[in-house]
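Under our numbering, the residues of the sequence shown are numbered 1 to 277, in order.
Don't be surprised by glycine CBs; every beta carbon is placed ideally from N, CA and C.
Bear in mind the structure is a predicted one, so any value in this text is a computation, not a measurement.
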Amino acid sequence: MTDEKHVHDAFLAVHVPPEVAQKTRERIERLRAEEANTSKPHLVVTQTKRPPRHRSRLIGALAACLIVVALVVSGGFYFLAPAAYVAIDVNPSLELGVNRLGLVSDTQALNADGEAILAQTDVRWMSYEDALNSIKTEMDSYTSSDAVIEITVVCDEQAWSNELADEGMRCFETGNGRVVCSHASSHERTEAHNAGMGIAKWRIYTQLVEAGVAISPEEASEMTMRELYDLAARENVSLSNDTDTTSSGSSEATGAQELRGKHSHSNSKQRGKHHAQ
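Here you go:
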C-alpha cells in the first residue's frame with residue numbers, strides 16, 4: 001500500500017463531531033457576514049467620493065463671488081476715493097479731497113487754524129458746494145476787507161478742474177477780501193505738504209526763500225496770505241505764478257493784483273479766459 005493510500009484512508013476515517021461542525025458553519029457564516037458588512041462601507045465611501053465634485057463647484061462659486069466683491073470694492077474705491085484736491089489758504093489752511101461723485105471724501109488741516117475750522121464743521125461726505133459754504137461760514141471770522149483767500153485746485157481733468165475752481169470762486173467771492181483761484185500739480189501739492197503748509201503759502205514761501213528772505217516753513221504756515229504778500233512787498237520780492245490764476249474782489253484791498261502781475265485779473269473779465277485755458 002502506498003503512502004498516498006494510507007493518507008487517503010486516514011482522512012476517510014476522520015469523523016467530525018456534530019457540534020464542531022455546527023460551530024464551524026456558524027463561524028463561516030459570521031465571517032461571511034463580517035465580510036459583507038465591511039464591504040458595504042467601501043460602496044458608501046465610493047459613493048461619498050462624489051461630493052468633492054459638489055464641493056469643487058461650491059468653491060468655484062465662492063471664488064466667483066469673491067471676484068465680484070473685489071470688483072465692486074475696487075469700483076467703489078475708484079468712485080469714493082479723492083480724485084481732486086482743493087486747498088484753501090487764508091490763515092486757516094486746509095484741503096478738501098473731492099471724489100468722482102462730487103462728494104468731499106477726505107479733509108486735511110494744514111495748520112492750527114485749519115484744525116479749528118474742521119473741528120467746528122465736519123464736511124466729509126457733503127457735496128463739494130455744501131462743504132465750501134460750510135467752511136466759508138466758519139472762515140468769516142478770519143476774513144476782513146483786506147484778506148486774501150487763495151483756492152488752489154489739483155486735478156488732472158481740465159474741465160472738472162475748472163468747475164471746481166469756479167464753484168470755489170462763486171462761494172468765497174460773496175464774502176470779505178479778495179479771492180484768488182489757481183491750479184497746481186500733484187508734485188506741488190506733495191512739496192507743500194512736506195513743508196507743512198498749503199499750496200498757495202508754499203508758493204510764496206519758496207519764492208521768498210529763493211530771494212534770500214529769512215523765513216522758516218513754520219512761520220510761513222502760521223502767517224496769513226495777506227501777511228505773506230505784504231512781506232514780499234516789503235522785501236521787494238516780485239512774486240510769479242506759472243499757473244493760470246483767477247481773482248475777484250477789491251484790488252485795493254489786498255494789493256494781490258500788483259504782486260501777481262499778469263496772473264491776477266478781475267473776475268468779470270477772467271471767467272471766459274479761465275475756461276479757455
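Worksheet item: Leaving out five residues before and five after residue 97 in sequence, what residues of the same chain have Cβ atoms less than 6 Å from its Cβ?
Response: Taking the first residue of the sequence shown as 1, we reach residue 97 at position 97. Correct list, in chain order: 82, 85, 105 and 106.
Fill in: Runs of alpha helix (DSSP H) lying entirely within the region 119-160, each at least 4 residues, in chain order
128-139
Worksheet item: So which of 151, 133 and 196 has the shortest CA-CA distance to residue 171?
Response: What you label residue 171 is simply residue 171 of the sequence shown in a count that begins at 1. When only C-alpha atoms are compared, the closest one is 133.
Practice prompt. Using a threshold of 8 Å, state whether the C-beta atoms of residue 92 and residue 139 are closer than that.
Written response: Within the sequence shown, the letter at position 92 stands for residue 92. Within the sequence shown, the letter at position 139 stands for residue 139. Yes, these two residues count as a Cβ contact at 8 Å.
Fill in: Alpha-carbon spacing of residue 193 relative to residue 110, whole angstroms
By one-based count along the sequence shown, residue 193 stands at place 193. By one-based count along the sequence shown, residue 110 stands at place 110. The straight-line gap from Cα to Cα measures roughly 8 Å.
Practice prompt. Give a yes or no on contact between the region 181-192 and the region 118-135, applying the rule of three or more CB pairs nearer than 8 Å.
Written response: no
Discussion item. Pop quiz: residue 206 and residue 182 are said to be a contact at Cβ under 8 Å. What is the actual Cβ separation, rounded to whole angstroms?
Written reply: For the purposes of this step, residue 206 is identified with residue 206 of the sequence shown, where counting begins at 1. For the purposes of this step, residue 182 is identified with residue 182 of the sequence shown, where counting begins at 1. Contact doesn't hold; Cβ gap of about 15 Å is too wide.
Worksheet item: What residue range is occupied by the uninterrupted beta strand (DSSP E) comprising residue 203?
Response: Here residue 203 is taken as the residue at index 203 of the sequence shown, counted from 1. From DSSP, residue 203 is part of no beta strand (DSSP E) but of the alpha helix (DSSP H) over 199-210.
Worksheet item: Helix, strand or coil: how does DSSP classify residue 190 here?
Response: Numbered from 1 along the sequence shown, position 190 holds the residue referred to as residue 190. Correct three-state label for residue 190: helix.
Fill in: Residue of 137, 116 and 239 minimising C-alpha distance to residue 211
Within the sequence shown, numbered from 1, the residue matching residue 211 stands at position 211. Closest by alpha carbon: 239.
Worksheet item: From this set, 94, 99, 90 and 89, which residue's C-alpha is nearest residue 77's C-alpha?
Response: For the purposes of this step, residue 77 is identified with residue 77 of the sequence shown, where counting begins at 1. Nearest C-alpha to residue 77: 99.
Item to complete: Reducing DSSP to helix, strand and coil, say where residue 195 ends up.
Response: On the sequence shown, residue 195 is found 195 positions in, with the first residue counted as 1. DSSP places residue 195 in helix when its eight states are reduced to three.
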